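Participant:
Residue numbers (this note's numbering): 92 to 248.
#1: Which term fits residue 119, buried or exposed, when burial requires 16 or more other beta carbons within 10 angstroms of its beta carbon?
#2: Can the beta-carbon of residue 156 be found closer than 8 Å to that of residue 143?
#3: Would you list the one or two residues that DSSP bridges to residue 130?
#4: Using the beta-carbon count (16 or more within 10 Å), is residue 187 buried or exposed?
#5: Using C-beta distances below 6 Å, list every residue in its chain close to residue 209, excluding the 5 sequence neighbours before and after it, in chain order.
#6: Can residue 158 and residue 100 be called in contact, C-beta distance under 8 Å?
#7: Cβ of residue 211 within 8 Å of Cβ of residue 198?
#8: Report yes if the CB atom of residue 181 is closer than 8 Å to the CB atom of residue 205, and no otherwise.
#9: Among residues of its own chain, excluding the 5 on either side of residue 92, which ones have a beta-carbon nearer than 7 Å to its beta-carbon?
#10: Look up residue 163 in the DSSP assignment and say whether it is helix, strand or coil.
#11: Contact check, residue 172 vs residue 216 under 8 Å by CB: the rounded distance?
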């Protein structure tokens, strides 16, 4: 399972439809049509340790992924259950890149606006990685960059 910043994870590419995702992963274990958020549909895959968020106001496109799979990698480096400093350096290629930090009672988050990635950290280890489609501006996502990847992978028909 390979992280592709600003694009997705593995064969999952931002902008794909529910049908595209089901062709890749099969049917999800849970489909959450949350009563408190009518803007998203969430697929959960237990075996893959993935939650996939489809943006209903964007035509049902895959727009956000949460992953706790210990096999998630970027380049040759594992990301889950690894030291947060190491993971941040691996993703950005720099120890001086400024991640936005938030501290909660029992965990911390580190957000990279450039890569649209959030690291959820407990005991100084990354326990979850969240990745999303970047924004072109305040109100619009950048679907164009992922569309080219989908064409390259023959996902679009």
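Even for Gly, the Cβ is constructed at its ideal location relative to N, Cα and C. Values in this document were obtained by computation on a predicted structure and should not be read as measured data.
Facilitator: Straight from the coordinates:
#1: buried
#2: yes
#3: Its beta-bridge partners do not exist; DSSP assigns none.
#4: It is exposed - the Cβ of residue 187 has fewer than 16 other Cβ atoms within 10 Å.
#5: Shown here for residue 209: same chain residues with a beta carbon closer than 6 Å to its own, the five before and five after excluded, namely 200, 202, 221 in chain order.
#6: Between residue 158 and residue 100, the C-beta gap is smaller than 8 Å, which places the two residues in contact.
#7: yes
#8: no
#9: 100, 101, 160, 162, 163, 164
#10: DSSP places residue 163 in coil when its eight states are reduced to three.
#11: 6 Å
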